[in-house]
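1 is the number of the first residue of the sequence shown in our numbering; add one for each residue after it. Quick reminder that beta carbons are idealized off the backbone N, C-alpha and C, glycines included. Note that the structure is a prediction, hence the values are computed from the model and not measured.
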Amino acid sequence: MKFEADIFSIFDEEWALLTAGTPERFNSMTVSWGGLGTLWGKPVATVYVRDSRYTLEFMENSDYFTVSFYPEECRKALGIFGSKSGRDTDKAAETGFIPAAVEAGEAAGKAVTYGQAKKTLVCRKLYRQRMDLMAMPEDVRAEMYADGDDHNLFIGEVVEIL
Ligand SMILES: Cc1cc2nc3c(=O)[nH]c(=O)nc-3n(C[C@H](O)[C@H](O)[C@H](O)COP(=O)(O)O)c2cc1C
Numbered sequence: 001m002k003f004e005a006d007i008f009s010i011f012d013e014e015w016a017l018l019t020a021g022t023p024e025r026f027n028s029m030t031v032s033w034g035g036l037g038t039l040w041g042k043p044v045a046t047v048y049v050r051d052s053r054y055t056l057e058f059m060e061n062s063d064y065f066t067v068s069f070y071p072e073e074c075r076k077a078l079g080i081f082g083s084k085s086g087r088d089t090d091k092a093a094e095t096g097f098i099p100a101a102v103e104a105g106e107a108a109g110k111a112v113t114y115g116q117a118k119k120t121l122v123c124r125k126l127y128r129q130r131m132d133l134m135a136m137p138e139d140v141r142a143e144m145y146a147d148g149d150d151h152n153l154f155i156g157e158v159v160e161i162l
């Protein structure tokens, strides 16, 4: 399994979609904070989901999630996935993105990406934690969490790259 990327720009500049749930019921949102690395000897992807996101309940209730990357022409669609909520919008219908169930491997039938993706990391959820505001410097806490909309970090083992 090989994934070549500029780690410090792939999330920050390219953005990605985080999708959790099953082909029958799933939700996606844009993420631009994340990481790729190694934990417990496994290749992992880390994402950060604020309390207010509808995607959070899907992340909590799913064993798998996907992190998918798109060509530049999909930027506008990623803007929609990152500004509207699945609570009241069918984001796939609005963007024309075509949901695609993961069909092979251990996540078959348990994870979703989109036909437009150029790369999808299929992840098995390994770890989840609500970030401890007392474990970060005060200036970060004040800048990022003054409104109480805290982040939940999720680490997934990358089990497949599509
Ligand atoms: C470029 C961009 C990056 C974003 N990155 C994150 C992120 O890393 N974590 C997060 O919680 N929200 C992030 N958001 C906000 C969510 O994508 C946005 O609130 C979305 O509407 C949530 O959808 P949902 O309610 O259907 O889950 C980002 C938005 C944009 C436009």
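(1) Tell me which residue opens and which closes the beta strand (DSSP E) that F11 is part of.
(2) From E138, L17, M134, Y70, pick the residue whose C-alpha is nearest to that of F26; which is it?
(3) Helix or strand or just coil, what does DSSP make of L126?
(4) Between S32 and F11, which are expected to be in contact by the criterion C-beta below 8 Å, what is the C-beta distance as a whole number of angstroms?
(5) If we count the other Cβ atoms within 10 Å of its Cβ and call it buried at 16 or more, is A107 buried or exposed?
(6) Quick one: measure Cβ to Cβ for V44 and T66, integer angstroms, because I've assumed they're closer than 8 Å.
(7) With distances taken Cα to Cα, identify the nearest neighbour of V122 among Q116, F58, E160.
(8) Any idea which residues DSSP pairs L162 with across the strands?
(9) Quick check on the burial criterion: 16 or more other C-beta atoms within 10 angstroms. Buried or exposed for E73?
(10) Just mark W40 as buried or exposed, buried being the case when its beta carbon has 16 or more other beta carbons within 10 Å.
So, from the listed chains and residues:
(1) Position 11 of the sequence shown holds residue 11. Careful: F11 lies outside any beta strand (DSSP E) and carries neither H nor E.
(2) In the sequence shown, residue 26 corresponds to position 26, counting from 1. Of the listed residues, the one whose Cα sits closest to F26 is L17.
(3) Taking the sequence shown and counting its residues from 1, the one referred to as residue 126 is at position 126. Note: L126 maps to strand in three-state DSSP.
(4) Numbered from its first residue, the sequence shown carries residue 32 at position 32. Numbered from its first residue, the sequence shown carries residue 11 at position 11. About 5 Å separates the two Cβ atoms, so the contact holds.
(5) For the purposes of this step, residue 107 is identified with residue 107 of the sequence shown, where counting begins at 1. A107 should be labelled buried.
(6) For this step, residue 44 is matched to residue 44 along the sequence shown. For this step, residue 66 is matched to residue 66 along the sequence shown. The Cβ separation is near 14 Å, so there is no contact.
(7) As a working mapping, residue 122 is identified with position 122 in the sequence shown. Residue E160 is the option with its Cα nearest to V122.
(8) Translated into positions along the sequence shown, residue 162 becomes position 162. In DSSP, L162 forms no bridge with anything.
(9) Against the sequence shown, residue 73 aligns to sequence position 73. So E73 ends up on the exposed side.
(10) To locate residue 40, count along the sequence shown from 1; it is residue 40. By the 10 Å Cβ count, W40 comes out exposed.
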